[in-house]
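Report on one structure; see the data block that follows.
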Amino acid sequence: MRSALAIFVERSSAMQVVGTAEDGATAVELAERLRPDVVLMDLNMPGVDGFEAAQRLQDAGNGARILAITTLGTTDAIVHALRGGFAGYLLKDSPPEAVVAAVAAVHSGSDALSPEVTRRLILDVKSDAATPAVSVRELNERESAILRELARGKSNQEIAETLHQAESTVKTHLGAVMKKWNARDRVQVLIIAVKAGLVEL
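Residues 1 to 201, numbered by UniProt numbering, are exactly what the sequence shown covers, in order.
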């Protein structure tokens, strides 16, 4: 899969694959030496796993943005990765075109969640009967529209294209929502929105 993805990325975009690795330790070594803009990281790797490899890169001050691609679809794994500094999370059954789009989104500064990842996060929150509903400040029409697209697993770039807005505008409005709700990241925004009944699958 590693080689196939590398070929597909290079054929489908202007991006260049500068290296591939079979394990986490090698991935860290290559990333430190080659300084890529984006690292596509499996979480299940022998020796040093993807979580630890990402932490090592961050501790070393490597500026690469890290995108997870994995078979791990549990909410714990998703939240752990996103709050641990990953810029996106894809499942391995994602179409190659979606992977390329996610790499491009992450490279441009956006986050990337596959629709299935978003769906699992929302279902997990909905199934937690012990989680009380929350009160949120009212959103304006544009913020609400962005939130609906976010719940569909779209990146900032994809939301901008759907709503015919500049990506910078989407980022500004999403930042305003985070500030209103005191949310630290997109995952928490989604969780709050689900608890408040503002988004549906």
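No residue lacks a Cβ here, since even glycine has one placed at the ideal position from N, Cα and C.
| Query | Result |
| --- | --- |
| Inspect the beta-carbon positions of P96 and G153 and report whether they are closer than 8 angstroms. | no |
| Rounded to whole angstroms, what is the Cα-Cα separation between G19 and F51? | 19 angstroms |
| At the level of alpha carbons, what is the spacing between N156 and W181? | 19 angstroms |
| Taking its Cβ as the centre, do 16 or more other Cβ atoms sit within 10 Å of residue 214, making it buried, or is it exposed? | A question about residue 214 goes unanswered here, because the residues of the chain that appear run from 1 up to 201. |
| For I191, count the other beta carbons within 10 Å of its own beta carbon; 16 or more makes it buried, fewer makes it exposed. Which is it? | buried |
| Does the beta-carbon of L121 have 16 or more other beta-carbons within 10 angstroms, so that it is buried, or is it exposed? | buried |
| With three or more beta-carbon pairs closer than 8 angstroms as the criterion, would you say the stretch 75 to 82 touches the stretch 100 to 109? | no |
| Return the chain-ordered ranges of every alpha helix (DSSP H) run that is complete within the UniProt domain "Response regulatory" (1 to 107) and spans a minimum of 4 residues. | 2 to 12, 24 to 34, 50 to 59, 75 to 83 and 96 to 107 |
| Measuring CB atoms only, is the stretch 159 to 168 touching the stretch 59 to 66, in the sense that at least three cross pairs come out at less than 8 angstroms? | no |
| Drop a sphere of 10 angstroms on the beta-carbon of S3, count the other beta-carbons inside from all chains shown, and report buried for 16 or more, exposed for fewer. | exposed |
| Label P46 either buried or exposed according to how many other C-beta atoms from any shown protein chain fall within 10 Å of its C-beta, with 16 as the threshold for buried. | exposed |
| From the DSSP output, in three-state form, read off A112 for me. | strand |
| First and last residue of the alpha helix (DSSP H) that includes N156? | N156 to L163 |
| Classify L123 as helix, strand or coil using the three-state DSSP reduction. | helix |
| Between which two residues does the alpha helix (DSSP H) holding V170 run? | E167 to W181 |
| With DSSP as the reference, label E138 as helix, strand or coil. | coil |
| Identify whether R152 lies in helix, strand or coil by the three-state DSSP scheme. | coil |
| Please state whether DSSP places A193 in a helix, a strand or coil. | helix |
| On the criterion of 16 or more Cβ atoms from any shown chain inside 10 Å, does D42 qualify as buried, or is it exposed? | buried |
| Distance, Cα to Cα, A151 vs V199? | 7 angstroms |
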